[in-house]
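Position one of the sequence shown corresponds to residue 19 (my numbering), numbered consecutively onward. A short worksheet on the structure shown next.
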Amino acid sequence: MNTVHSSEFIVQSSELGVIGAPRTPHPAPLGLYIHIPYCASRCSYCDFNTYLFDALQAEQYLQGLSLEIDLWAARQVICSRRICSVLFGGGTPSILPASQIVGILDHCRAAFLLEEGAEISLEANPGTVDLPKLRAMKEAGINRLSFGVQAVQDRLLQRIGRAHAAREAEHAFWLAREAGFTNINLDLMFGLPDQRLEDWEESLRWAIRLNPEHLSAYGLILEEGTRLHHEHRTGALELPDEETEAAMYQMTIELLQGAGFEQYEISNFARPGFRCRHNLVYWEHQEYLGLGAGAYSFLGGRRFYNELLPASYVRGIRERGTAVAGGEQLSHEALRSERLMLGLRLRAGLDLQTFKETLGIDDLSASDQVVRLLEGGLLDLREGRLHITERGLLVANELIVQLL
Ligand code: SF4
């Protein structure tokens, strides 16, 4: 992979588009990610690029974001593209007042070509929304909400440093329904410290009772630099053992499928017609533009990222006309690995013909490792698509690594 530094990249990024060129729609749609790097407090497992909320700093940050929108909208590579999904992620975007969220969305609508019916999602935390805020967001065109719930036991929420209590999650969900949201995701986590199998079952059954359109169930990952990682190193962390964690995952699939959710990705479940469009942009290796501090973009085979710190991000935008801090032109090998890794996460699997045509790769199904995994019943090949079997799901990450 060729890493490029920001100054080098700025030259390249200017080549990506002619400023002020007319809008001729480009056939492939684009995902748009907007990073809001503020939270009420820091969860003990989180390594995202986020900081404690400060209204004044957030105001300055949003001014930078506005400028970044204008800078990208002036480039043909972006202004000619249809935007199929917008995701306000973070951080906790819902910590902002409704007027600021609506302001950014209106600005995007004016600057970019948003597709009719584009998915416009916002990540929200219980305790940061009320009915007027939710109504204002709905009215402005946000059509999908994703609530970070994680667990419904207060002792577990406290253990992982979440800022909300379980009853606030349920309250927020019903407020969102009252405001008219008909596409809601709930994020849950398993493998948490002190979490028992029955706690996890209670969380799943609670979510099923609420009947959202989408559920994400992620296993805890101990990221370096987090409080939980530190506790783990010092031996102060009691985590469920491997067997319990596997049972939790298996229970997730059984209960959610039994309740009519379709598992369309290793950790994601949806009612028919409610798969997350934005996440599919990532998993299907489509292009996206990331705005805001630390946001990543993937355009023209290049992956690049913005300055991490909000103040450096705003300074970059104001003084250099770009916040891009670095990036890389992905090699053929890297593109292959990414597409393989992302495609296999999808239950529909990887379309081998497209894989071969777009990357010029020989028949993957003939490779020794794939043949071995097919024979072992961990992979399956049906109608030209290679996918992980139910048995393989339990070891999906290790299995994917073997193929890279
Ligand atoms: S609310 Fe989300 S982004 Fe913020 S600290 Fe917690 S996990 Fe991280």
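Just so you know, even glycine gets a beta-carbon here, dropped at the ideal spot from N, CA and C. For clarity, every value in this text was computed on a predicted model and none was experimentally measured.
- Looking at the DSSP output, Phe287 bridges to Leu233 and Gln281.
- In the DSSP annotation of this structure, Gly345 is not part of any alpha helix (DSSP H); the continuous beta strand (DSSP E) holding it starts and ends at Val342 to Gln347.
- The set of residues with CB atoms less than 6 Å from any heavy atom of the ligand SF4 reads, in chain order, Cys57, Arg60, Cys61, Cys64, Phe66, Thr68, Gly108, Gly109, Thr110, Asn143 and Gly166.
- Per the coordinates, the alpha-carbon of Arg162 lies some 14 Å from the alpha-carbon of Val120.
- Taking C-beta atoms as the reference points, Leu368 and Leu377 fail to come closer than 8 Å.
- In the structure shown, the three-state DSSP call for Cys126 is helix.
- Around Asp212, the same chain offers Arg173, Leu174, Arg177 and Glu256 as residues with beta carbons nearer than 8 Å, after the five sequence neighbours per side are excluded.
- Under DSSP, His53 forms a beta bridge with Gly107.
- DSSP places Tyr331 inside the alpha helix (DSSP H), whose first and last residues are Pro328 to Arg333.
- Secondary structure at Phe208: strand, using DSSP grouped into helix, strand and coil.
- Leu48 is positioned such that its CB atom lies no closer than 8 Å to that of Cys126.
- Two segments are said to touch when three or more pairs of C-beta atoms, one from each, lie closer than 8 Å; by this definition the segment 187 to 198 touches the segment 152 to 166.
- Counting along the chain, Leu131 sits inside the beta strand (DSSP E) bounded by residues Leu131 to Ala142.
- Only buried fits Ile87, as 16 or more other CB atoms lie within 10 angstroms of its CB.
- Between the segment 148 to 161 and the segment 108 to 119, the count of Cβ pairs shorter than 8 Å is three or higher; the stretches touch.
- Annotated three-state conformation of Cys102 is strand, per DSSP.
- The C-alpha of Glu346 lies about 19 Å from the C-alpha of Leu422.
- Comparing alpha-carbon positions, the option among Asn143, Glu263, Val147 and Ile160 lying closest to Glu134 turns out to be Ile160.
- Using a C-beta cut-off of 8 Å, the segment 70 to 82 makes contact with the segment 329 to 338, since at least three inter-stretch Cβ pairs fall below that distance.
- A distance below 8 Å between beta-carbons, with the five flanking residues on each side excluded, links Ile271 to the following residues of its chain, in chain order: Gln281, Glu408 and Leu411.
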